[in-house]
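Counting from 552, one number per residue, gives the positions in the sequence shown under my numbering.
We treat Cβ as the ideally placed atom computed from N, Cα and C, and that holds for glycine.
To keep things clear, I will list the structure first and then write my remarks on it.
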Amino acid sequence: MFQALDAQGHLHHLLTDPLPQGEVFFCPACHQLLILKSGPKVRPHFAHQADQACDFISLNEGAEHLNLKAKLFSWAQQSERVSVEVANSAEGLVSDLLLSDNLALEVQCSPLGQDEFEKRDQAYQHLGIPVVWLLGSRHFLKRRLTVLQRNSLQFSPTCGYFFWNLDLENEIVILHYLLHQDLHGACQGLVKTFPFFRESLREVLRWPYQQRHVFSFQGKLDLHFPSYLARELRYRNPYWVEQQFQAYQKGDNLLTRTLADWYPQIFPVKVRNRHRPQSACEREYEEQFIAFYAQERNIHSQVLYSPFYYRMWKRENNRE
Ligand SMILES: [Zn+2]
């Protein structure tokens, strides 16, 4: 953490003030003694002693988290008021960064359990402050979306479902957008990067909401899916065994399905966060998405579009 109280109750801010000399420091949230630390890879910061529990701030804050917070702080500061480590004791919450008192940023580098995520997410809902989750290198997008990535999803009519990664090493913000899931559970979508400090941080975070044109990409399909499925069932892949079991209960059998029956192969990702119910806009998107591919004739190709493309298609269709 970058802020601490001294014995006189003055707040020291390591990102804006000169390094304090030889004083005793206390945690602004829990008032326990803090140690001033610094090293070759990490800027000066305060830390709790190893055996002291603090309900507010993670005890072993890593270098990546500290450095990202400091970077985002000076970046945001170029264009607006920004506070770091903003404690809200009523909600038991410390926001990593707060921009102009109306947008919270959570920089998540360590693992985060579902309970802790939901606790923090609900606290922001109580406070009525929107929060953007920015995920560090441990949470870079690989083949499938993780639970935390799913939790962090946002939605816009042009970018569909999207989430953010922070790449400290290359000093870029990475936007993963128009996110979809294929039959193998793999994630397919588009990527855009924004170098730190080039435009304002606020502008970057607004980007997915400010686009006005349709994005699209050619989905990667598995044209041999029925034989893949047969093999997976033979090897008792638990996911497909369960799907087959459910199909049986409806009098269906997945093995009799043809490639055409598996079309469309790619769907919008499913949001995991049960405290954030799907908006009307998202529900509409799913319905229009299904209707659009139901009339598609070429099952060997699937182009994925921005959600509002399907809405325009629906409108045009209804007019006929
Ligand atoms: Zn504390």
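I need the straight-line Cα distance from residue i to residue j, nearest angstrom please.
| i | j | result |
| --- | --- | --- |
| residue 684 | residue 802 | 43 Å |
| residue 776 | residue 821 | 21 Å |
| residue 843 | residue 600 | 58 Å |
| residue 613 | residue 850 | 48 Å |
| residue 830 | residue 751 | 28 Å |
| residue 682 | residue 804 | 44 Å |
| residue 561 | residue 628 | 22 Å |
| residue 771 | residue 739 | 8 Å |
| residue 573 | residue 579 | 18 Å |
| residue 693 | residue 742 | 12 Å |
| residue 585 | residue 724 | 31 Å |
| residue 753 | residue 809 | 48 Å |
| residue 722 | residue 746 | 6 Å |
| residue 657 | residue 792 | 38 Å |
| residue 577 | residue 597 | 9 Å |
| residue 759 | residue 715 | 11 Å |
| residue 861 | residue 797 | 30 Å |
| residue 734 | residue 855 | 15 Å |
| residue 673 | residue 587 | 32 Å |
| residue 833 | residue 827 | 12 Å |
| residue 864 | residue 631 | 40 Å |
| residue 785 | residue 807 | 15 Å |
| residue 794 | residue 815 | 17 Å |
| residue 731 | residue 571 | 50 Å |
| residue 592 | residue 623 | 17 Å |
| residue 848 | residue 696 | 30 Å |
| residue 666 | residue 767 | 35 Å |
| residue 626 | residue 726 | 17 Å |
| residue 812 | residue 789 | 22 Å |
Which residues bound the beta strand (DSSP E) around residue i?
| i | result |
| --- | --- |
| residue 636 | 633-639 |
| residue 646 | 644-650 |
| residue 563 | 562-564 |
| residue 698 | Here residue 698 belongs to no beta strand (DSSP E); instead the alpha helix (DSSP H) covers 698-702. |
| residue 706 | 705-707 |
| residue 854 | 854-856 |
| residue 557 | 554-557 |
Would you mind giving the Cβ-Cβ distance between residue i and residue j, rounded to the nearest angstrom? I have them listed as a contact below 8 Å.
| i | j | result |
| --- | --- | --- |
| residue 702 | residue 668 | 5 Å |
| residue 678 | residue 717 | Between residue 717 and residue 678 the Cβ distance is about 23 Å, and since that is not below 8 Å, they are no contact. |
| residue 709 | residue 818 | Contact flag wrong, Cβ pair sits at about 18 Å. |
| residue 728 | residue 713 | 4 Å |
| residue 637 | residue 649 | 4 Å |
| residue 690 | residue 676 | Wrong, their Cβ atoms sit about 22 Å apart, outside the cutoff. |
Going by DSSP, what residues sit across from residue i in a beta bridge?
| i | result |
| --- | --- |
| residue 654 | 650 |
| residue 580 | The partner list for residue 580 (beta bridge, DSSP) is empty, contrary to what the question assumes. |
| residue 715 | 685, 726 |
| residue 625 | Answer is none; residue 625 lacks a bridge partner. |
| residue 596 | 588 |
| residue 731 | 739, 819 |
| residue 659 | 686 |
Residue range of the alpha helix (DSSP H) that residue i falls in?
| i | result |
| --- | --- |
| residue 781 | 776-785 |
| residue 843 | 831-845 |
| residue 668 | 665-678 |
Between residue i and chain C, is the shortest Cβ-Cβ distance under 8 Å, so that the two count as touching?
| i | result |
| --- | --- |
| residue 643 | Absent from the structure is chain C; it holds one protein chain and no more. |
Continuous beta strand (DSSP E) assignments of at least 3 residues falling wholly in the region 739-812: Assignment of beta strand (DSSP E) within the region 739-812, counting only whole runs of 3 or more residues, yields 767-769 in chain order.
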